[in-house]
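Heads up, the sequence shown is in this note's numbering, so the first residue is 405 and it goes up one at a time.
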Amino acid sequence: EIVSLLSCNKDISGHIKLLSISDITDEVDLILSRVEAFVETDRSSSVAAQLTICPAHRFNLGLGWYRCSQKCRVPNQLSRHGPKPHKFPKAERGMGKTQSQEILRKTGIFVPVGSGIVECLLVPFYMKKKTSVAAFFNYF
């Protein structure tokens, strides 16, 4: 049965902890972030109020989604991993919504929330201390 997206309110705390995602607030936010729909999920939002979802997509984009690759998914033009995806380093945590948006804005490539990311590769070698992913992307 198709339901209003705003009625999706399952507890996602264990799921986001498992994937090490920090900036997802609820099930609606999780689902929308996985399909490149970075819209306001406020209950009063006219955009979010019009959206519906079927049970299969709710599961596949929500709590049923898991990281199928353990490799870092940051595109090469930002990460400098090299041309061979099988040589990419192992991910240290899941990509957050802010990082996914920044990658999309900088490269035009959508990388879903929860995809693997290696933070240490996002810091240019000439920087002495770690910085946030957003600060790194603003460098380019």
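Yeah, the Cβ is synthetic: ideal placement off N, Cα and C, and Gly gets one too. This one's a predicted model, so the numbers in the text were calculated from it and none came from an experiment.
CB contact flag (residue i, residue j, <8 Å)
| i | j | result |
| --- | --- | --- |
| K475 | A495 | yes |
| V439 | L409 | no |
| L501 | V517 | Checking the sequence shown, residue 501 turns out to be Lys, not Leu. Taking 8 Å as the Cβ cut-off, K501 and V517 qualify as a contacting pair. |
| P487 | E405 | no |
| G498 | K414 | no |
Reference residue i, options the options, closest by Cα
| i | options | result |
| --- | --- | --- |
| T456 | I507, V522, E506 and C412 | C412 |
| Q481 | I513, C458 and H461 | I513 |
| L508 | R477, R462 and K421 | R477 |
| A441 | L467, S519 and S504 | S504 |
| A452 | S519, V407, N464 and C472 | V407 |
| G418 | W469, H461 and H485 | W469 |
| E506 | K491, S483 and N464 | S483 |
| S473 | H461, F463, R462 and K491 | K491 |
For residue i, the first and last residue of its enclosing alpha helix (DSSP H)
| i | result |
| --- | --- |
| D427 | That residue, D427, is in no alpha helix (DSSP H); it is neither H nor E in DSSP. |
| K370 | The displayed coordinates of the chain run from 405 to 544. Any statement about residue 370 would go beyond what the structure contains. |
| I435 | E431 to S437 |
Own chain partners of residue i with C-beta closer than 8 Å, once the 5 adjacent residues on each side are dropped
| i | result |
| --- | --- |
| I428 | I416, I420, L434, S437, G500, K501 and V517 |
| R471 | L423, A495, G498, G518, S519 and G520 |
| H485 | C476, V478, K491, F492, P493 and L525 |
Same chain, Cβ closer than 7 Å to residue i, five either side skipped, listed in chain order
| i | result |
| --- | --- |
| S426 | G500 |
Own chain, CB closer than 6 Å to residue i, minus 5 neighbours either side, in chain order
| i | result |
| --- | --- |
| P493 | C476 and V522 |
- Message: At 4 residues or longer, what runs of the alpha helix (DSSP H) sit wholly inside the segment 451–517?
- Response: 459–465, 480–483 and 501–511
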